[in-house]
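Those protein sequence lines, which keep their order, are chains A and B.
Under this note's numbering, the first residue of the first sequence is numbered 542, with each subsequent residue one higher.
Under this note's numbering, the first residue of the second sequence is numbered 20, with each subsequent residue one higher.
Right, one structure below, let's go through it.
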Amino acid sequence: MPTEEHVLPDTALDVVAPACHDEDEYELVYHKPHTMVDVSMHYCPGCAHSLVHKLIMEVVEEMDIQEQTIGIAPVGCSVFAYDYMDIDMQEAAHGRACAVATGIKRLMPDKYVFTYQGDGDLAAIGIAETLHAINRGENILIVFMNNAVYGMTSGQMAPTTLAGMHTTTSPDGRDVGYYGSPIKISELMAQLPGAFYVTRQAVNNANAVRRTKKALQNAFKYQQLHKGTCLVEIIGNCPSNWKMTPIEASKFIDEEMVKTFPLGDIKVPKAEDIKTPSASSG
Amino acid sequence: MTETKLMKGNEAMAEAAILAGCDAYFGYPITPQSEVLEYLAREMPKHNRIVMQAESEVASINMVYGAAGAGFRTMTSSSSPGISLMQEGISYIAGAELPCLIVNVNRAGPGLGTIQPGQGDYFQSVKGGGHGDYKMIVLAPASVQEMADFVYLGFDLADKYRNPVLMLSDGAIGQMMEKVQFKSYTRPAVDKSWATTGKPKTRNRNYITSLFIQPERMEQHNLKLEEKFKHIRENEVRFEEINTADADYLFVAYGLSARICQKAMDIARDKGIKIGLLRPITLYPYPYKRLEELAAQVKTMLTVELNSGQMVEDVRLAVKGKVAVEFYGRMGGMMPTPEEIVQHLETLIQYHHAN
Chain A
542 MPTEEHVLPD
552 TALDVVAPAC
562 HDEDEYELVY
572 HKPHTMVDVS
582 MHYCPGCAHS
592 LVHKLIMEVV
602 EEMDIQEQTI
612 GIAPVGCSVF
622 AYDYMDIDMQ
632 EAAHGRACAV
642 ATGIKRLMPD
652 KYVFTYQGDG
662 DLAAIGIAET
672 LHAINRGENI
682 LIVFMNNAVY
692 GMTSGQMAPT
702 TLAGMHTTTS
712 PDGRDVGYYG
722 SPIKISELMA
732 QLPGAFYVTR
742 QAVNNANAVR
752 RTKKALQNAF
762 KYQQLHKGTC
772 LVEIIGNCPS
782 NWKMTPIEAS
792 KFIDEEMVKT
802 FPLGDIKVPK
812 AEDIKTPSAS
822 SG
Chain B
20 MTETKLMKGN
30 EAMAEAAILA
40 GCDAYFGYPI
50 TPQSEVLEYL
60 AREMPKHNRI
70 VMQAESEVAS
80 INMVYGAAGA
90 GFRTMTSSSS
100 PGISLMQEGI
110 SYIAGAELPC
120 LIVNVNRAGP
130 GLGTIQPGQG
140 DYFQSVKGGG
150 HGDYKMIVLA
160 PASVQEMADF
170 VYLGFDLADK
180 YRNPVLMLSD
190 GAIGQMMEKV
200 QFKSYTRPAV
210 DKSWATTGKP
220 KTRNRNYITS
230 LFIQPERMEQ
240 HNLKLEEKFK
250 HIRENEVRFE
260 EINTADADYL
270 FVAYGLSARI
280 CQKAMDIARD
290 KGIKIGLLRP
300 ITLYPYPYKR
310 LEELAAQVKT
320 MLTVELNSGQ
330 MVEDVRLAVK
340 GKVAVEFYGR
350 MGGMMPTPEE
360 IVQHLETLIQ
370 YHHAN
């Protein structure tokens with residue numbers, strides 16, 4: 542909903558577009574990965590999804606594994622992930638991504654398989670499928686986007702909603718006496734022997750983005766080892782449903798979200814575990 | 020010559036799955052079909068196939084979705100309460116047009132019900148148990164032999180139409196032992212270029228989805244599915260007829276009920292009642308046309324089911340009021356004896372004669 546400060550001044554439309562120059566005059570310093578479809582995204586301004594999509598596709602491009610990668614899109618804001626990622630993908634029913642990924646990976650153990658799931662999808666309706674996939678040590682990567690609300694249905698309380706946080710279904714703030722406390726999925730799942738690498742990152746500033754990229758690189762590489770599940774939780778900005786500007790949302794992560802969801806590695810493989818692939822590659 | 024074996028229906032079905040080239044089976048234990056998972060847990064690894072006991076039927080049907088979407092020949096089986104749990108996944112599978120085989124060894128319900136055989140899942144099977152407009156091809160075996168044969172047929176039909184196929188058996192057919200032969204089988208070549216196997220540079224990405232957010236596109240998808248179901252209705256109706264040539268009366272029954280009716284027919288014929296049997300083999304598509312033809316010939320049809328009267332509605336739809344369609348059924352895992360059915364038939368004949 543536009544507020545006064547967001548309304549463009551009349552003169553904005555009068556800005557003259559820069560004249561076209563010969564491409565040779567410029568040095569290419571950045572390009573979108575070729576593993577992304579060249580379309581504009583439906584995500585809100587300041588949303589974490591577009592950035593994380595790009596990071597995953599950068600890793601796929603850098604590792605040159607487009608041909609070997611299959612992604613699973615969830616139900617939630619990122620339901621259209623397959624419109625943006627130029628790889629083979631499957632759309633899963635709400636919460637079932639890890640079961641779908643299991644079906645794919647068990648039959649194609651040498652492919653890279655990842656799920657992309659939000660907190661409603663993974664931590665509420667799909668927690669059983671997630672927990673059991675990790676407990677089986679499925680050799681998949683789970684990218685867990687945690688923005689503490691149901692985004693697509695416009696901001697209802699999620700299992701990860703912070704204590705006291707206002708949402709459309711917790712209008713007076715999440716009452717932990719009534720609804721319990723936010724679930725710390727990564728800490729919970731790291732307890733399972735099947736979890737190989739568990740980390741929680743964010744994308745609300747340049748350093749955080751670099752660390753998230755590194756985590757995704759690790760997770761994709763670890764998948765070659767056939768030693769268990771990688772879970773990369775990413776604290777996502779959701780300015781629209783948090784009813785904040787993108788800058789306020791980024792600050793909210795640093796000031797509030799990390800108190801409940803501290804960033805950093807939660808379970809890292811031992812040095813000897815990342816040297817050789819496991820004997821059983823199934 | 021093909022060897023004849025004595026096997027349980029559930030085990031014959033499992034063995035047929037291996038012979039049909041099933042790449043993966045995902046299941047969850049539930050009576051009366053746990054033998055399927057047990058048999059395959061033992062046998063599939065010997066053939067380098069995947070078998071997995073999932074954490075729930077919800078998970079197993081979604082594992083089927085993933086594997087089928089990747090182009091593999093995939094199946095699951097369960098019994099009534101477990102099949103209810105799978106309905107979400109089945110709707111997605113139908114919407115995403117994924118070929119797979121689902122087997123329901125029907126037990127009596129509702130709810131937890133009983134582990135004894137029933138046919139109470141007819142509506143769920145043929146009228147769309149999950150949400151949205153879709154149909155499964157539904158095959159109803161009436162013998163251990165058919166439980167095996169319909170695995171091959173089911174997989175082939177699923178591949179042919181890119182549609183889930185349901186084999187609707189029941190606790191008696193699944194548990195009883197009979198002679199069975201495993202015929203030689205050649206798997207038809209099927210194009211699965213739509214599968215998500217990893218995108219080479221030479222083709223566009225494949226994606227498996229049932230989501231079409233724009234109503235115009237969704238309707239196009241619905242119409243495409245309807246066209247497919249129409250084609251199935253026109254080409255895949257299967258049924259068996261016994262003693263219909265001279266029949267004045269007709270039993271209509273499927274699966275276990277048809278087996279009982281066969282015996283009842285023999286008893287009735289010995290008493291001079293000219294009765295035949297029509298046994299639908301496909302419950303979807305349904306033999307409406309043949310039943311309508313027979314409506315011009317017989318005086319009364321008697322539908323026998325192990326439920327409160329479900330398929331009888333389709334028989335009535337078929338005959339369009341041209342002939343009386345009566346119903347006899349038992350529930351709760353109870354099975355009628357042939358004599359009990361004949362007695363009911365005689366009462367009906369007397370009633371219709373008097374009126």
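We put the CB at the ideal spot given by N, CA and C, even for glycine.
{"Item": "How is the alpha helix (DSSP H) around T753 of chain A delimited, first residue to last?", "Value": "747-763"}
{"Item": "Should A634 of chain A be flagged as near chain B, meaning a C-beta pair shorter than 7 Å?", "Value": "yes"}
{"Item": "Taking Cβ-Cβ distances below 9 Å as the criterion, which residues of the segment 217-240 of chain B are in contact with chain A?", "Value": "G217, K218, P219, K220, N223, R224, N225, Y226, I227, T228, S229, L230, I232"}
{"Item": "Give the residues of chain B in contact with E608 of chain A, contact being defined as C-beta atoms less than 8 Å apart.", "Value": "G217, K218, P219, K220"}
{"Item": "Could you tell me which residues DSSP pairs with K24 of chain B in its beta bridges?", "Value": "B:V199"}
{"Item": "Could you confirm whether any beta carbon from chain B is found closer than 7 Å to the beta carbon of K652 of chain A?", "Value": "yes"}
{"Item": "Please report how far the alpha carbon of G721 of chain A lies from the alpha carbon of L703 of chain A, in whole angstroms.", "Value": "10 Å"}
{"Item": "Which residue from B:M166, B:I294, B:G148 puts its Cα closest to that of G194 of chain B?", "Value": "One detail in the question is off: residue 194 of chain B reads as Gln in this sequence, not Gly. Selected option, being the one with the closest Cα: B:M166."}
{"Item": "Return the chain-ordered list of same chain residues with a C-beta closer than 7 Å to the C-beta of F169 of chain B, the five sequence neighbours on each side being excluded.", "Value": "L158, P160, M186"}
{"Item": "Taking one C-beta from the segment 134-152 of chain B and one from the segment 97-112 of chain B each time, how about it: are there three or more such pairs within less than 8 Å?", "Value": "yes"}
{"Item": "Going by beta carbon distance, what residues of the same chain come within less than 8 Å of E545 of chain A, once the five residues before and after it are set aside?", "Value": "A caution first: E545 of chain A carries a pLDDT of 45, below 50, which makes its placement in the model unreliable, though a value can still be read off. Same-chain partners within the cutoff: there are none."}
{"Item": "Looking at the C-beta of P550 of chain A, does it have a partner C-beta in chain B at a distance below 7 Å?", "Value": "Residue placement at P550 of chain A cannot be trusted, given a pLDDT of 49 that sits under 50; the coordinates are not used to answer."}
{"Item": "Quick one: does G644 of chain A have its CB under 7 Å from some CB of chain B?", "Value": "yes"}
{"Item": "So with Cβ pairs under 7 Å, would you call F174 of chain B a contact of chain A?", "Value": "no"}
{"Item": "Buried or exposed for V601 of chain A, going by 16 or more other Cβ atoms inside 10 Å?", "Value": "buried"}
{"Item": "Ignore the nearest five residues each way along the sequence and tell me which others in Y8 of chain B's own chain have a CB closer than 7 Å to its CB.", "Value": "There is simply no residue 8 of chain B to check, as chain B begins at 20 and stops at 374 in what is shown."}
{"Item": "Secondary structure at M542 of chain A, three-state DSSP: helix, strand or coil?", "Value": "Reliability fails at M542 of chain A, whose pLDDT of 41 lies under 50, so the model's placement of it is uncertain and the value that follows must be treated cautiously. Three-state DSSP puts M542 of chain A in coil, outside helix and strand."}
{"Item": "Quick one: complete beta strand (DSSP E) runs, 3+ long, within the segment 138-206 of chain B?", "Value": "156-158, 183-189, 196-200"}
{"Item": "Determine the closest residue to G173 of chain B out of B:S99, B:T95, B:F231, B:I227, with distance taken between C-alpha atoms.", "Value": "B:T95"}
{"Item": "What number of angstroms, rounded off, separates the C-alpha of A589 of chain A from the C-alpha of Y180 of chain B?", "Value": "40 Å"}
{"Item": "With three or more beta-carbon pairs closer than 8 Å as the criterion, would you say the segment 633-642 of chain A touches the segment 74-85 of chain B?", "Value": "yes"}
{"Item": "I want to know whether the segment 264-274 of chain B touches the segment 298-318 of chain B - three or more CB-CB distances under 8 Å.", "Value": "yes"}
{"Item": "As a quick exercise: from B:L176, B:T216, B:I227, pick the residue whose alpha carbon is nearest that of F248 of chain B.", "Value": "B:L176"}
{"Item": "From this set, B:Q369, B:N374, B:I368, B:D285, which residue's C-alpha is nearest E358 of chain B's C-alpha?", "Value": "B:D285"}
{"Item": "Please state whether DSSP places M706 of chain A in a helix, a strand or coil.", "Value": "coil"}
{"Item": "State the DSSP-derived secondary structure class of V77 of chain B, mapped to helix, strand or coil.", "Value": "helix"}
{"Item": "Which runs of the beta strand (DSSP E) fall wholly inside the segment 592-626 of chain A and span at least 3 residues, in chain order?", "Value": "610-614"}
{"Item": "Taking Cβ to Cβ, would you say V654 of chain A is nearer than 7 Å to I611 of chain A?", "Value": "yes"}
{"Item": "Starting from K808 of chain A, follow its DSSP beta bridges and name the residues at the other end.", "Value": "A:V739"}
{"Item": "So what does DSSP say about F802 of chain A, is it helix, strand or coil?", "Value": "coil"}
{"Item": "Give me the chain A residues within the contact set of S103 of chain B, using Cβ-Cβ distance strictly less than 7 Å, ordered along the chain.", "Value": "In chain order: nothing, as chain A lies at least about 15 Å away."}
{"Item": "Does DSSP classify N241 of chain B as helix, strand or coil?", "Value": "helix"}
{"Item": "In chain A, what lies closer than 9 Å to M71 of chain B by C-beta?", "Value": "T643, G644, R647, R677"}
{"Item": "Considering F685 of chain A, what are the terminal residues of the beta strand (DSSP E) in which it resides?", "Value": "682-687"}
{"Item": "For the segment 604-629 of chain A, enumerate the residues whose C-beta is nearer than 7 Å to any C-beta of chain B, in chain order.", "Value": "Q607, E608, Q609, T610, I611, V620, Y623, D627, I628, D629"}
{"Item": "Per DSSP, which one or two residues make a beta bridge with A790 of chain A?", "Value": "The partner list for A790 of chain A (beta bridge, DSSP) is empty, contrary to what the question assumes."}
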